[in-house]
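A short worksheet on the structure shown next.
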Amino acid sequence: MWEAADTMENDTLILGNKRFGNRLFTGTGKFSAKSVIPRMLEASGSEMITVALRRVDFASETENILDYIPRQVTLLPNTSGARNEGEAVRIAHIAREAGCGDFIKIEIITDTKYLLPDNHATLLATETLAKEGFVVLPYVLPDLPLARRLEDAGAAAVMPLGAPIGSNRGLETRALIEMLIENLSVPVIVDAGLGRPSHAAEAMEMGADAVLVNTAISSAEDPVAMGRAFSLAVAAGRMAFLARMREEQKTAVPSSPLTGFLS
Amino acid sequence: MRITVNGCEEDISPCSLLAFIEAKGLAASGAVVEYNERIVRRADWNRIQLRENDRLEVLRFVGGG
């Protein structure tokens with residue numbers, strides 16, 4: 002085997018006390034049927050998946066989404082629905098009490114048009130929950146000074162958005178995410194807005210440690226195949242990053258000898 | 004007696020929290036309960052007798068990204 006493949010063998014991402022060999026994280030939102038979720042997880046090899054917490058609607062079905070997530074897959078409860086740090090902390094406590102482990106994705110949204118995260122409230126919630134021993138994964142707008150504060154507060158990673166949730170527009174915030182990758186010591190996980198496997202590959206090529214993809218997989222006509230496609234793209238992008246790409250050039254650089262054929 | 008469940012008032016006969024959840028058909032649903040703003044472990048549901056003006060939040064995990 003060649004060297005990059007050997008490197009990939011031992012290439013794991015550590016978050017909290019867990020090691021992840023697969024750098025595609027997925028979500029459980031918007032699947033047409035819950036029964037597709039375990040098949041998507043198997044096809045993609047994703048080792049961590051998000052879930053949300055809501056009030057029970059007594060009039061509707063009583064299926065438990067956790068029954069569709071294999072035991073070996075790490076649950077990443079999110080704090081969606083929280084509008085301030087207090088609500089996010091409360092959701093994290095409930096998730097942990099419910100036996101979902103210590104991982105928590107902080108998602109605090111006050112802007113309903115673009116669903117942009119409230120970075121300031123997210124920092125406050127991160128400070129509280131990291132002190133309580135949670136593995137805190139804050140979902141934020143990519144902002145280097147804020148990300149440094151998150152790192153200092155004990156965040157296990159920083160999760161900048163590529164584009165608004167569910168927009169499928171890819172890495173619109175690319176230049177800002179690059180600053181995080183270059184300057185933070187905690188992992189950078191690109192979350193939200195990635196619509197195509199090539200977007201995920203692009204994020205991994207530029208050095209992101211992982212990506213989180215929900216809508217693009219769950220809303221595809223074939224979520225199982227799309228999960229696999231994203232997984233391959235993430236692995237390809239990661240391998241390319243580890244293999245160290247060369248810079249772009251303004252002019253051609255010959256790949257064959259420049260001498261004439263018979264001269 | 005009257006309690007508040009997920010923001011709505013409800014008239015119920017005195018019973019344990021476990022019996023209330025079972026009557027709602029949620030015993031096996033992975034529901035999580037906050038009882039008067041304190042999270043109550045499933046193992047403790049049968050020890051809690053619901054009282055007048057109690058407030059329950061009954062939550063569950065759902066799909067989300």
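Protein sequence lines, in the order shown, are assigned to chains H and L. Numbering (the working numbering) for the first sequence: 2 to 264. Numbering (the working numbering) for the second sequence: 4 to 68. All residues carry an ideal CB built from backbone N, CA and C; glycine is no exception.
Below 8 angstroms, can you find three or more Cβ-Cβ pairs linking the segment 76-96 of chain H to the segment 142-155 of chain H?
Contact fails: fewer than three Cβ-Cβ distances are below 8 angstroms.
Does the separation of the CB atoms of A53(H) and F64(L) fall below 8 angstroms?
Locating residue 53(H) in the first sequence gives position 52, where the first residue counts as 1. Locating residue 64(L) in the second sequence gives position 61, where the first residue counts as 1. Their beta carbons are under 8 angstroms apart, which means A53(H) touches F64(L) by this criterion.
I want to see whether chain H comes within less than 8 angstroms of L29(L), judged by CB atoms only; does it?
The residue labelled residue 29(L) in the question sits at position 26 within the second sequence. Yes, L29(L) lies at the interface with chain H (some Cβ there is under 8 angstroms from its Cβ).
Where does Y38(L) fall in DSSP's three states?
As a position in the second sequence, residue 38(L) is number 35, starting the count at 1. Residue state, collapsed to three classes: strand.
Could you tell me the alpha carbon to alpha carbon distance between E69(L) and A22(L), rounded to whole angstroms?
Summary: the structure shown does not reach residue 69(L), with chain L confined to residues 4 through 68, and so no result is reported for it.
Give me the Cα-Cα distance between S19(L) and E128(H), rounded to the nearest whole angstrom.
Here the question's residue 19(L) lines up with position 16 in the second sequence. Here the question's residue 128(H) lines up with position 127 in the first sequence. Rounded to whole angstroms, S19(L) to E128(H) spans 37 angstroms at the Cα level.
Using a Cβ cut-off of 8 angstroms (strictly closer), state whether R58(L) contacts chain H.
As a first step, residue 58(L) must be located in the second sequence, where it is residue number 55. Not an interface residue.
I'd like to know whether the C-beta atoms of E30(H) and L213(H) end up nearer to each other than 8 angstroms.
Reading the first sequence from its first residue, position 29 is the one you call residue 30(H). Reading the first sequence from its first residue, position 212 is the one you call residue 213(H). The question names Glu, but residue 30(H) is Gly in the sequence shown. Taking 8 angstroms as the Cβ cut-off, G30(H) and L213(H) do not qualify as a contacting pair.
For the beta strand (DSSP E) that contains I107(H), what are its first and last residues?
Position 106 of the first sequence holds residue 107(H). Taken as a continuous stretch (DSSP letters only), the beta strand (DSSP E) holding I107(H) covers 104-107.
For L21(L), which residues in chain H fall below 8 angstroms Cβ to Cβ?
As a first step, residue 21(L) must be located in the second sequence, where it is residue number 18. Chain H residues near L21(L): none, gap ~15 angstroms exceeds 8 angstroms.
Indicate whether at least one CB of chain H lies closer than 8 angstroms to the CB of R63(L).
In the second sequence, residue 63(L) corresponds to position 60, counting from 1. Closer than 8 angstroms: yes.
In terms of residues, what are the limits of the alpha helix (DSSP H) holding I178(H)?
Counting from one through the first sequence, the residue named residue 178(H) turns up at place 177. First-last of the alpha helix (DSSP H) with I178(H): 175-184.
Taking Cβ-Cβ distances below 8 angstroms as the criterion, which residues of the segment 35-54 of chain L are in contact with chain H?
Within the segment 35-54 of chain L, the residues whose Cβ lies closer than 8 angstroms to some Cβ of chain H are V35, E37, I42, R44, listed in chain order.
Rounding to the nearest angstrom, what Cα-Cα distance links N79(H) and M205(H) in this structure?
The residue given as residue 79(H) occupies position 78 in the first sequence. The residue given as residue 205(H) occupies position 204 in the first sequence. Answer to the nearest angstrom: the Cα atoms are 23 angstroms apart.
Quick one: using the 10 Å Cβ neighbour count with 16 as the cut-off for buried, is G343(H) buried or exposed?
The question about residue 343(H) has no answer here: the residues shown for chain H are numbered 2 through 264.
Along the chain, where does the alpha helix (DSSP H) containing V225(H) start, and where does it finish?
Sequence index remark: in the first sequence, residue 225(H) carries index 224 (1-based). Element bounds for V225(H): 224-243.
Which residues does DSSP pair with E13(L) in a beta bridge?
Residue numbering aside, residue 13(L) sits at position 10 when the second sequence is read from its first letter. Answer by DSSP bridge pairing, in chain order: I6(L).
K251(H) versus chain L: which residues are under 8 angstroms apart at the beta carbon?
Counting from one through the first sequence, the residue named residue 251(H) turns up at place 250. Chain L residues near K251(H): none, gap ~40 angstroms exceeds 8 angstroms.
Can you grab the Cα-Cα spacing for the pair L263(H) / L181(H), in whole Å?
On the first sequence, residue 263(H) is found 262 positions in, with the first residue counted as 1. On the first sequence, residue 181(H) is found 180 positions in, with the first residue counted as 1. Spanning the two alpha carbons is a distance of roughly 52 angstroms.
Let's test the definition: count the other Cβ atoms within 10 Å of the Cβ of G2(L) and tell me whether it reaches 16, buried, or not, exposed.
Chain L is shown only over 4 to 68; residue 2(L) falls outside these bounds and no answer can be derived.
Taking the Cβ atom as the reference point for each residue, do V189(H) and P161(H) lie within a distance shorter than 8 angstroms?
The residue labelled residue 189(H) in the question sits at position 188 within the first sequence. The residue labelled residue 161(H) in the question sits at position 160 within the first sequence. Contact: yes.
Would a check of beta-carbon distances place L195(H) closer than 8 angstroms to chain L?
On the first sequence, residue 195(H) is found 194 positions in, with the first residue counted as 1. Not an interface residue.
Is R91(H) buried or exposed, if buried means 16 or more other CB atoms sit within 10 Å of its CB?
The sequence position of residue 91(H) within the first sequence is 90, counting from 1. With 16 or more Cβ atoms within 10 Å of its Cβ, R91(H) is classed as buried.
Count the CB pairs spanning the segment 99-109 of chain H and the segment 60-76 of chain H that are closer than 8 angstroms, and state whether there are at least three.
The segment 99-109 of chain H vs the segment 60-76 of chain H: in contact.
Could one say the Cβ of N120(H) lies closer than 8 angstroms to chain L's Cβ atoms, at least one of them?
Translated into the one-based positions of the first sequence, residue 120(H) becomes position 119. So, not an interface residue.
With the cut-off set at 8 angstroms, would you say I95(H) and I42(L) are in Cβ contact?
Within the first sequence, numbered from 1, the residue matching residue 95(H) stands at position 94. Within the second sequence, numbered from 1, the residue matching residue 42(L) stands at position 39. Yes, the pair counts as a contact, with Cβ atoms nearer than the cut-off.
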